[in-house]
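For the sequence shown, full-length UniProt numbering gives the first residue as 1, with consecutive numbering after it. Written out below as structure tokens is the structure these notes cover.
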Amino acid sequence: MPTFDMDPYDGDENNYMPQEDDWDRDMLLDPAWEKQQRKTFTAWCNSHLRKAGTQIENIEEDFRDGLKLMLLLEVISGERLAKPERGKMRVHKISNVNKALHYITSKGVKLVSIGAEEIVDGNAKMTLGMIWTIILRFAIQDISVEETSAKEGLLLWCQRKTAPYKNVNIQNFHISWKDGLGFCALIHRHRPELIDYGKLRKDDPMTNLNTAFDVAEKYLDIPKMLDAEDIVGTARPDEKAIMTYVSSFYHAFSGAQKAETAANRICKVLAVNQENEQLMEDYEKLASDLLEWIRRTIPWLENRAPENTMQAMQQKLEDFRDYRRQHKPPKVQEKCQLEINFNTLQTKLRLSNRPAFMPSEGKMVSDVSNAWGGLEGAEKGYEEWLLNEIRRLERLDHLAEKFRQKAAIHETWTEGKEVMLQARDFETASLSEIKALLKKHEAFESDLAAHQDRVEQIAAIAQELNELDYYDSPSVNARCQNICDQWDALGALTQKRSEALQRTEKLLETIDQLYLEFAKRAAPFNNWMEGAMEDLQDTFIVHTIEEIQGLSTAHEQFKATLPDADKERGAILGIHNEIAKIVATYHVNMAGTNPYTTINPQDINAKWDKVRQLVPQRDQALIEEHARQQNNERLRRQFANQANVIGPWIQTKMEEIGRISIEMHGTLEDQLTHLRQYEKNIVNYKPKIDQLEETHQLIQEHIRVGWEQLLTTIARTINEIENQILTRDAKGISQDQMNEFRASFNHFDRDHSGTLGAEEFKACLISLGFDIANDAQKKTGMMEAEDFKTCLISLGYNMGEAEFSRIMSIVDPNRVGVVTFQAFIDFMSRETADTDTADQVMASFKVLAGDKNYILADELRRELPPDQAEYCIARMAPYAGPDAIPGALDYMSFSTALYGESDL
């Protein structure tokens with residue numbers, strides 16, 4: 001009988017069935033060996049066929065139709081063969097066997113003298129030879145130990161694993177295994193808890209073999225391929241049966257090690273993924289809370305509903321100051337922390353080779369910044385509105401009080417005037433009385449004209465209150481209307497009485513001219529004194545020294561008129577004295593007082609004394625207000641001086657922080673310590689800001705905003721250094737490497753502002769070795785594309801255009817043309833460190849699944865820790881392939897989803 005040759009390569013060095021094998025050239029095989037091969041090969045085939053839910057009973061009969069033979073090849077190779085013939089005729093069976101033999105040949109195996117007809121006819125020798133060929137190709141060929149493979153590799157593996165055990169000497173695959181100690185040593189070496197090797201005896205091979213075979217079947221999922229009697233009962237066990245059995249041990253233990261490695265890799269990847277998901281949830285919650293606070297606060301700041309009283313508006317201003325001092329500062333910290341969390345999360349995602357985190361719609365850092373900008377705008381507008389409203393209410397209160405004073409004086413003056421004008425006393429009066437009444441009426445007309453200005457002032461004030469939207473305008477308007485209506489009635493009554501007196505004037509004769517002169521001069525003087533008293537008692541509201549100086553000047557001008565007024569008073573009193581002199585001289589019988597006026601010398605003197613008393617009081621009030629305005633001016637200058645110191649201090653600290661974050665001075669930890677000390681010094685400067693606010697309650701906007709920007713800048717810079725430390729530690733980058741990266745970056749970072757201005761020509765000169773170190777250089781923290789390319793060349797990279805385009809797509813995904821230092825560090829660390837990939841995780845799951853395209857929940861729970869096993873089960877989609885079974889899970893889509901290549 002011809003031999004079975006298997007040669008997956010072009011040479012003969014890997015021929016796994018050399019000519020000295022034990023196959024009989026005349027198709028004769030030792031019956032004991034044949035029995036061992038039947039038993040071993042059948043068990044080996046069933047160990048694979050059971051994965052497809054079937055098995056064989058008779059090796060030469062069950063493979064005759066080729067169906068289970070093709071199924072066996074599909075299971076052990078993981079590939080699909082050609083569609084089998086389902087007919088029962090001999091030609092159909094030969095066709096199926098030929099498809100299987102053709103597949104074996106396609107894998108580089110040479111089949112000599114093995115034809116489909118012999119297999120279909122149930123030739124046991126040919127069938128066993130074919131199964132041995134399959135075992136060699138798919139179970140033994142790929143075994144590799146220390147540059148040896150297949151049979152030699154398997155033998156070397158057995159020798160290495162059993163070397164520490166006494167009485168075990170593996171030199172071949174037949175008599176070396178008869179005592180059973182070799183099988184027990186392999187099991188004990190990998191699973192020492194399964195066998196008590198110290199109790200085994202070399203002179204008890206039956207016990208040794210049965211122990212090994214039973215333990216392998218029960219705990220290692222290795223089917224029992226031989227009985228102990230088969231080995232002990234022959235002088236030389238069949239080599240192929242022993243090799244097949246031993247290869248199952250190799251694959252079982254090799255698979256266990258792979259499973260452990262795969263489980264560790266999966267655990268590591270899942271732990272990173274779970275941590276990142278928690279960080280994402282934390283970011284989403286913080287962003288949502290901050291945006292919700294902004295959403296609730298902006299309507300409050302945009303509410304422009306005015307209050308009717310000064311007290312209510314003052315309370316609004318106090319509420320706004322409480323918001324500035326207590327409610328907003330914690331939110332400023334939350335906004336800063338949100339940016340720090342986002343940057344840290346993105347760094348961790350880059351380090352773990354995960355896709356960048358994309359927050360929910362409307363919760364990007366830019367969305368929060370835009371919402372914050374809206375809040376700042378509403379806040380500024382609200383403060384301006386509050387101050388304007390307070391000034392408006394101050395003006396309204398002053399006007400309303402002035403209106404009430406003038407209206408009260410006018411109403412007092414008009415009291416009884418209508419009754420007087422309607423009196424018919426002139427009808428029964430004597431001639432002298434008529435003349436007196438006429439003169440008295442003329443004096444009243446003069447007084448009425450003098451009050452015309454006050455009525456016009458009352459109407460003007462009421463109009464201004466209406467224009468300024470005074471809350472009590474209806475009552476003001478009603479009172480003003482009453483005054484105007486009464487004034488019109490007085491005018492009409494005055495005209496009517498005047499006409500009546502003029503008609504009777506011809507009937508009258510002389511009226512005492514002195515009384516008339518007294519009345520004419522006393523009435524306007526009295527009105528002047530009433531106006532002066534009203535002005536001297538008028539309250540004033542000023543905000544600057546210039547305004548109080550204007551009031552003082554007007555008061556001095558009024559005081560200059562007092563001597564002339566005193567002369568007028570003397571003249572009026574002189575008229576009265578002249579009347580008294582005439583009465584005394586001529587003994588005139590005077591009935592009552594002056595008929596032309598109700599003003600008497602006592603009233604004039606009393607009002608004059610009142611005016612003289614009010615003048616020094618007005619002087620003192622003006623002096624006190626002038627002193628208060630001078631003090632306010634001093635406070636304003638003090639505030640300006642302090643603000644001029646704090647503003648440049650904040651700008652200087654911003655520039656120093658920028659230099660610290662870019663220049664190299666010590667390790668990253670040194671830089672971080674330096675920055676934290678800066679942060680402490682800045683926080684210690686806060687009392688000066690508070691002192692400035694005490695100096696001027698409404699502190700200037702740019703000082704407050706500058707202070708908040710300084711706090712945000714130092715926090716953001718500290719976070720950047722922490723991310724560089726995180727990158728360095730996670731990727732195993734030494735401090736020397738980090739310094740080298742920073743030095744290379746800074747060499748091309750010339751303008752110290754975030755971008756490089758080097759042209760392609762200068763980059764070319766640098767790459768050719770030209771020295772341009774004398775050019776003005778500033779450090780910016782970013783590189784443009786050509787500068788980054790030159791930097792890579794200086795570090796030893798050989799850059800073609802295609803390769804450079806690939807690198808730029810990594811470090812500049814948004815194609816803005818610049819490279820930040822963080823992106824530069826991420827790229828260099830990615831080039832120098834190993835990271836997990838989706839393919840590696842997928843391969844690890846395939847090991848745990850026993851080379852299946854799917855994995856079961858029980859297998860995950862057996863190989864992974866409980867929490868991570870449940871994590872996978874909850875997120876893996878059901879497997880939908882043609883070989884799916886109930887409960888099958890798709891680990892391939894899950895692996896790609898971990899790295900952002902699909903959706904979980």
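Each residue gets a CB set at the ideal place from its N, CA and C atoms; glycine is no exception. As the structure is a computational prediction, the values presented were derived from the model and not from experiment.
Check	Outcome
DSSP on D289, reduced to helix/strand/coil?	helix
Can you tell me where the alpha helix (DSSP H) holding V455 begins and where it ends?	Q452 to E467
Under the DSSP definition of a beta bridge, which residues are partnered with L889?	I855 and P878
Helix or strand or just coil, what does DSSP make of S895?	helix
How far does the alpha helix (DSSP H) with T127 in it reach, from first residue to last?	A124 to I135
Under the three-state reduction of DSSP, which class applies to T297: helix, strand or coil?	helix
Taking the C-alpha atoms as reference points, what is the distance between I222 and G87?	35 Å
Name the residue from G53, D30, L71 and T539 whose alpha carbon lies nearest to the alpha carbon of K83.	L71
Exposed or buried, F41, counting other C-beta atoms within 10 Å across all chains shown (16 or more means buried)?	buried
Among L220, F342 and K93, which has the Cα closest to the Cα of R716?	F342
Closer than 8 Å is the cut-off here; do at least three beta carbon pairs connect the segment 210-220 with the segment 135-153?	no
With a cut-off of 8 Å on the beta carbons, I'd call L448 and L493 a contact; round off their distance for me.	Between L493 and L448 the Cβ distance is about 10 Å, and since that is not below 8 Å, they are no contact.
What residues in its chain sit with their C-beta under 8 Å from that of S288, if we drop five residues either side in the sequence?	K363
According to DSSP, simplified to helix, strand and coil, what is V818?	strand
Between which two residues does the alpha helix (DSSP H) holding P474 run?	S473 to R503
Taking the CB atoms as reference points, tell me whether D214 and Q37 lie closer together than 8 Å.	no
Would the segment 150-160 and the segment 240-250 be scored as touching if the rule is three or more Cβ pairs under 8 Å?	yes
Can you tell me whether V145 is helix, strand or coil according to DSSP?	strand
Within 10 angstroms of its Cβ, does V112 collect 16 or more other Cβ (buried), or is it exposed?	exposed
Buried or exposed for I114, please, with buried defined as at least 16 other CB atoms from any protein chain shown within 10 angstroms of its CB.	buried
With 16 other CB atoms within 10 Å as the buried threshold, where does D26 fall?	Unreliable positioning characterises D26 in this predicted model, as indicated by a pLDDT of 37, which lies under 50. A coordinate reading is not provided.
Per DSSP, what kind of secondary structure is A185 in: helix, strand or coil?	helix
On the criterion of 16 or more Cβ atoms from any shown chain inside 10 Å, does N482 qualify as buried, or is it exposed?	exposed
Among W132, E863 and L73, whose alpha-carbon lies nearest the alpha-carbon of E34?	W132
For A773 and Q735, I'd like the C-alpha separation in whole angstroms.	With a pLDDT of only 39 at A773, under 50, the local geometry of the prediction cannot be trusted, and no value is derived from it.
Give the list of continuous alpha helix (DSSP H) stretches no shorter than 4 residues that lie fully inside the segment 218-265.	228-232
Apart from the five residues on each side of it in sequence, which residues of its chain come closer than 7 Å, Cβ to Cβ, to A356?	Q346 and L349
Where does residue 918 land, buried or exposed, given buried means 16+ other C-beta within 10 angstroms?	Because the chain is modelled from 1 through 904, residue 918 falls outside the range shown and cannot be assessed.
Pull up the distance between the alpha-carbon of L194 and that of H174, whole angstroms please.	25 Å
Exposed or buried, what is P687 when buried is set at 16 or more other beta-carbons lying within 10 Å of its beta-carbon?	exposed
Hey, R395 and L468 are a contact pair by Cβ (cut 8 Å); roughly how many whole angstroms apart?	7 Å
Note down, one range per segment and in chain order, each alpha helix (DSSP H) of at least 4 residues found wholly within the segment 309-335.	310-322
Can you tell me whether Y197 is helix, strand or coil according to DSSP?	helix
Measure the beta-carbon distance from E525 to I604 and round it to whole angstroms, keeping in mind my assumption that it falls under 8 Å.	The sequence shown places Phe at residue 525, not Glu. Confirmed, Cβ separation roughly 7 Å.
When the distance is taken between beta carbons, is F540 closer than 8 Å to I461?	no
For T105, which residues of its own chain have a beta-carbon under 8 Å away from its beta-carbon, when the five flanking residues on both sides are left out?	L111
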